[in-house]
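> Count the sequence shown with UniProt numbering and you get residues 1 to 420, in order.
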Amino acid sequence: MTPPSLDAARMLERIVALGEIGRTDGVLTRLAASDADRAARDRLVAWLREAGLDVVIDRIGNILGVWSTPENAGRAPVVMGSHIDTVIDAGIYDGCYGVLAGLAVIEALKESGATPLRPLAVVAFTNEEGVRFAPDMLGSLVAAGGMPLEAALAVVGTDGARLGDELQRIGYAGAADPGALRPHAYLELHIEQGPVLEREGASIGAVGRLQGISWRRVVFQGVANHAGTTPMAMRRDAGAAAARVIAWLRDRMRASNASTVATVGVIAFEPNAINVIPSRATFTVDLRDPDAARLRREEDALEEFLAEVARSEDVGVSVEVLARFEPVAFDPGLVAMIEEAAAARRLPCRRMVSGAGHDAQMMARVAPAAMIFVPSRDGVSHNPAEFTAQADLAAGAAVLLDVVARLACATPDDDGRAGG
Ligand code: GLV
Ligand code: MN
Ligand code: MN
1 MTPPSLDAAR MLERIVALGE IGRTDGVLTR LAASDADRAA RDRLVAWLRE
51 AGLDVVIDRI GNILGVWSTP ENAGRAPVVM GSHIDTVIDA GIYDGCYGVL
101 AGLAVIEALK ESGATPLRPL AVVAFTNEEG VRFAPDMLGS LVAAGGMPLE
151 AALAVVGTDG ARLGDELQRI GYAGAADPGA LRPHAYLELH IEQGPVLERE
201 GASIGAVGRL QGISWRRVVF QGVANHAGTT PMAMRRDAGA AAARVIAWLR
251 DRMRASNAST VATVGVIAFE PNAINVIPSR ATFTVDLRDP DAARLRREED
301 ALEEFLAEVA RSEDVGVSVE VLARFEPVAF DPGLVAMIEE AAAARRLPCR
351 RMVSGAGHDA QMMARVAPAA MIFVPSRDGV SHNPAEFTAQ ADLAAGAAVL
401 LDVVARLACA TPDDDGRAGG
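1. In this structure, does DSSP put L295 in helix, strand or coil?
2. Around the Cβ of V309, are there at least 16 other Cβ atoms within 10 angstroms (buried) or fewer (exposed)?
3. Would you check if the stretch 77–94 and the stretch 371–382 touch, i.e. whether three or more CB-CB distances between them fall below 8 angstroms?
4. Find out if the Cβ-Cβ distance for the pair F330, A370 is shorter than 8 angstroms.
5. Hey, how far is the Cα of Q193 from the Cα of V66?
6. Residues with a Cβ closer than 5 angstroms to any heavy atom of ligand 2, in chain order?
7. If you drop the 5 nearest sequence neighbours on each side, which residues of the same chain put their C-beta closer than 6 angstroms to that of E313?
8. With hydrogens ignored, establish whether the beta-carbon of A356 is closer than 7 angstroms to any heavy atom of ligand 3.
9. Would you check whether ligand 1 has a heavy atom nearer than 7 angstroms to the C-beta of E192?
10. Starting from M80, trace the alpha helix (DSSP H) both ways and give me its first and last residue.
11. Run the proximity test for V207: is its beta-carbon closer than 7 angstroms to any non-hydrogen atom belonging to ligand 3?
12. If you drop the 5 nearest sequence neighbours on each side, which residues of the same chain put their C-beta closer than 6 angstroms to that of N225?
13. Let me check you understand the geometry: is the CB of V261 closer than 7 angstroms to at least one non-hydrogen atom of ligand 3?
14. Specify, as a first and last residue, the run of the alpha helix (DSSP H) that I338 falls within.
15. Would you list the residues sitting across from D286 in a DSSP beta bridge?
16. Are at least three pairs of beta-carbons, each pair with one atom in the stretch 138–146 and one in the stretch 359–367, less than 8 angstroms apart?
17. Tell me which residue opens and which closes the alpha helix (DSSP H) that R406 is part of.
18. For the beta strand (DSSP E) holding A124, just list the boundary residues, first then last.
19. Can you give me the start and stop residues for the alpha helix (DSSP H) that M363 sits inside?
20. With contact counted as at least three CB pairs below 8 angstroms, one residue from each stretch, are the stretch 201–213 and the stretch 339–352 in contact?
21. Is it true that the stretch 31–39 meets the stretch 78–86, where meeting means three or more beta-carbon pairs spaced less than 8 angstroms apart?
22. So, under 8 angstroms CB-CB, P327 and G212 are touching, yes? Tell me the CB distance rounded to an integer number of Å.
23. On the DSSP letters alone, give me the boundaries of the beta strand (DSSP E) that M371 sits inside.
24. How many Å lie between Y186 and Q221 at the Cα?
25. Do T260 and D289 count as a contact pair if the criterion is CB distance below 8 angstroms?
26. Quick one: residues in its chain with C-beta nearer than 8 angstroms to the C-beta of I21, no 5 flanking neighbours on either side, listed in chain order?
27. On the three-state DSSP scale, how would you describe I15?
28. Have a look at I106, E128, L48 and V56 and flag the residue whose alpha-carbon is nearest the alpha-carbon of V403.
29. Along the chain, where does the beta strand (DSSP E) containing D54 start, and where does it finish?
30. At a cut-off of 7 angstroms, is E188 close to ligand 3 when judged by its beta-carbon and the heavy atoms of the ligand?
31. What residue range is occupied by the uninterrupted beta strand (DSSP E) comprising L249?
32. I need the DSSP call for Y93, collapsed to helix, strand or coil.
33. Rounded to a whole number of angstroms, what is the C-alpha to C-alpha distance between A76 and G52?
34. Let me know the secondary structure DSSP gives S312 once reduced to three states.
35. Alpha carbon to alpha carbon, how far is P183 from Y172?
36. Could you give the distance in angstroms between the alpha-carbon of residue 421 and the alpha-carbon of S279?
This is the structure we're talking about:
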């Protein structure tokens with residue numbers, strides 16, 4: 001066996017190639033289970049097959065590429081992964097980097113002649129972003145047993161399509177049981193999507209925790225009326241009610257020095273006409289905090305404020321919780337292994353909390369899990385300007401390779417390593 005060496009150039013070429021799939025007039029949008037997602041999945045499956053991996057599609061559409069040998073078959077695999085669906089007008093690295101780095105790690109180990117004691121797998125989970133179908137991280141949530149398969153397949157997207165129908169339509173309603181994925185350890189390499197690593201001059205983030213996420217859809221129901229003739233005091237303006245909530249959230253989060261962040265990312269008025277008072281406002285609230293109790297307090301405060309706005313604006317209110325995930329602590333043993341691997345390669349490393357949601361937070365329910373972050377230029381993500389330097393992408397993949405090689409080549413008695 002020669003020391004494994006990861007082909008970072010090939011990995012980057014694939015990231016760029018995948019980033020062209022779902023691009024229209026320069027804009028990359030590859031929502032889960034769309035035609036663009038199908039095309040990207042097809043490309044990924046072709047790469048997995050070229051690498052000699054067994055491709056498994058499960059019933060929620062998660063794609064696995066597995067390398068096992070007669071000697072290690074049947075043992076719990078070391079699994080790497082992330083997602084290849086994107087937000088609207090996305091960058092090319094979010095999720096795709098983790099999947100393609102996982103493939104590159106397996107190729108590197110295969111090409112080196114390594115004989116791992118455990119199978120290795122790379123997975124692309126369905127609908128991580130949650131833009132089209134809520135909740136986010138849906139494929140990994142189902143794989144971890146956190147949502148029944150039938151309920152997940154029945155989720156209706158923002159365009160009225162049912163996830164199960166869309167997976168059938170694009171040919172990715174597989175046959176495997178999503179619950180069969182029980183890794184020995186799960187590792188997810190991802191761009192940071194925030195400013196911390198760049199600001200601190202670190203090239204690797206060892207992610208110890210991930211903050212809690214709470215998503216709601218709120219509807220205010222008022223009365224449409226004439227914009228010119230209706231006195232201000234006689235209005236039941238659903239739009240004004242929604243605006244109050246947006247401003248309240250921003251002011252409240254800014255005034256408290258706490259870590260909670262709040263975003264209203266979707267809003268729609270009906271009838272949506274310049275001279276008609278909105279009868280209906282539908283908007284989303286994304287609340288996040290690393291502290292479970294504080295997140296709950298902020299959710300309660302929001303609920304109270306929504307009721308008070310409904311009263312004072314004389315509008316109806318209804319709230320639907322779209323996603324609710326507690327903060328997650330990753331496996332301390334794996335986090336330490338990431339730090340050790342970075343130190344061995346003399347890469348400045350920082351322990352950190354993830355602000356974004358990731359499939360690793362779901363896999364942490366069923367296996368020791370951890371994440372590796374690399375810097376994002378200017379902390380920008382969910383934006384086409386998302387960028388990570390080639391050297392940082394290569395460094396992150398090298399750390400992933402080292403940790404995975406250590407885990408997969410450890411003797412089966414050494415299972416405790418990953419459990420910390
Ligand atoms: C996923 O990208 C999220 O954190 O919303
Ligand atoms: Mn992501
Ligand atoms: Mn994302």
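Glycine residues also receive a C-beta, built at the ideal position from the N, C-alpha and C atoms.
According to the structure shown:
1. The sequence position of residue 295 within the sequence shown is 295, counting from 1. Helix, per DSSP.
2. By one-based count along the sequence shown, residue 309 stands at place 309. Per the 10 Å Cβ criterion, buried.
3. yes
4. By 1-based counting over the sequence shown, the position of residue 330 is 330. By 1-based counting over the sequence shown, the position of residue 370 is 370. Cβ atoms of F330 and A370: closer than 8 angstroms.
5. As a position in the sequence shown, residue 193 is number 193, starting the count at 1. As a position in the sequence shown, residue 66 is number 66, starting the count at 1. One C-alpha to the other measures close to 28 angstroms.
6. D94 and G95
7. Position 313 of the sequence shown holds residue 313. So the qualifying residues of the chain are A241.
8. Along the sequence shown, read from residue 1 onward, the residue named residue 356 stands at position 356. Yes, since a heavy atom of ligand 3 falls inside the 7 angstroms radius drawn around the Cβ of A356.
9. Within the sequence shown, numbered from 1, the residue matching residue 192 stands at position 192. Incorrect: E192 has no Cβ contact closer than 7 angstroms to ligand 1.
10. Position 80 of the sequence shown, counted from the start, is the residue given in the question as residue 80. Counting along the chain, M80 falls outside any alpha helix (DSSP H), though it belongs to the beta strand (DSSP E) covering V78 to H83.
11. Translated into the one-based positions of the sequence shown, residue 207 becomes position 207. Not a single heavy atom of ligand 3 lies less than 7 angstroms from the C-beta of V207.
12. Counted from its first residue, the sequence shown places residue 225 at position 225. Closer than 6 angstroms at Cβ, skipping near neighbours: I277.
13. Taking the sequence shown and counting its residues from 1, the one referred to as residue 261 is at position 261. Result no, Cβ not under 7 angstroms from ligand 3.
14. Locating residue 338 in the sequence shown gives position 338, counting from the first residue. Note, I338: alpha helix (DSSP H), P332 to A344.
15. Position 286 of the sequence shown, counting from 1, holds the residue named residue 286. DSSP output for D286 lists W215 and T263 as bridge partner(s).
16. yes
17. Position 406 of the sequence shown, counted from the start, is the residue given in the question as residue 406. Looking at the DSSP string, the run of the alpha helix (DSSP H) that includes R406 is Q390 to C409.
18. Along the sequence shown, read from residue 1 onward, the residue named residue 124 stands at position 124. Per DSSP, the continuous beta strand (DSSP E) segment holding A124 begins and ends at L120 to F125.
19. Along the sequence shown, read from residue 1 onward, the residue named residue 363 stands at position 363. Segment D359 to M363, the alpha helix (DSSP H) holding M363.
20. yes
21. Yes, they touch.
22. On the sequence shown, residue 327 is found 327 positions in, with the first residue counted as 1. On the sequence shown, residue 212 is found 212 positions in, with the first residue counted as 1. Right, their Cβ atoms sit about 4 angstroms apart.
23. The residue given as residue 371 occupies position 371 in the sequence shown. Taken as a continuous stretch (DSSP letters only), the beta strand (DSSP E) holding M371 covers A369 to V374.
24. Start at 1 with the first residue of the sequence shown, and residue 186 comes out as number 186. Start at 1 with the first residue of the sequence shown, and residue 221 comes out as number 221. About 45 angstroms.
25. As a position in the sequence shown, residue 289 is number 289, starting the count at 1. As a position in the sequence shown, residue 260 is number 260, starting the count at 1. In contact: D289 and T260 (Cβ atoms closer than 8 angstroms).
26. Residue numbering aside, residue 21 sits at position 21 when the sequence shown is read from its first letter. R30, A36, A39, A40 and R43.
27. Translated into the one-based positions of the sequence shown, residue 15 becomes position 15. I15 falls in the helix class under three-state DSSP.
28. In the sequence shown, residue 403 corresponds to position 403, counting from 1. Nearest of I106, E128, L48 and V56 to V403, Cα basis: I106.
29. In the sequence shown, counting from the first residue as 1, residue 54 sits at position 54. Its beta strand (DSSP E) spans residues D54 to I57.
30. One-based indexing of the sequence shown puts residue 188 at position 188. No, Cβ of E188 sits at least 7 angstroms from all heavy atoms of ligand 3.
31. The residue labelled residue 249 in the question sits at position 249 within the sequence shown. Here L249 belongs to no beta strand (DSSP E); instead the alpha helix (DSSP H) covers A238 to A255.
32. Numbered from its first residue, the sequence shown carries residue 93 at position 93. Y93: coil per DSSP, three-state reduction.
33. Here residue 76 refers to the residue found at position 76 of the sequence shown. Here residue 52 refers to the residue found at position 52 of the sequence shown. About 19 angstroms.
34. Mapped onto the sequence shown, residue 312 falls at position 312. The answer is helix: DSSP assigns S312 an H, G or I state.
35. Taking the first residue of the sequence shown as 1, we reach residue 183 at position 183. Taking the first residue of the sequence shown as 1, we reach residue 172 at position 172. Approximately 22 angstroms, taken between the alpha carbons.
36. In the structure as shown, the chain starts at 1 and stops at 420, and residue 421 therefore has no counterpart that could be examined.
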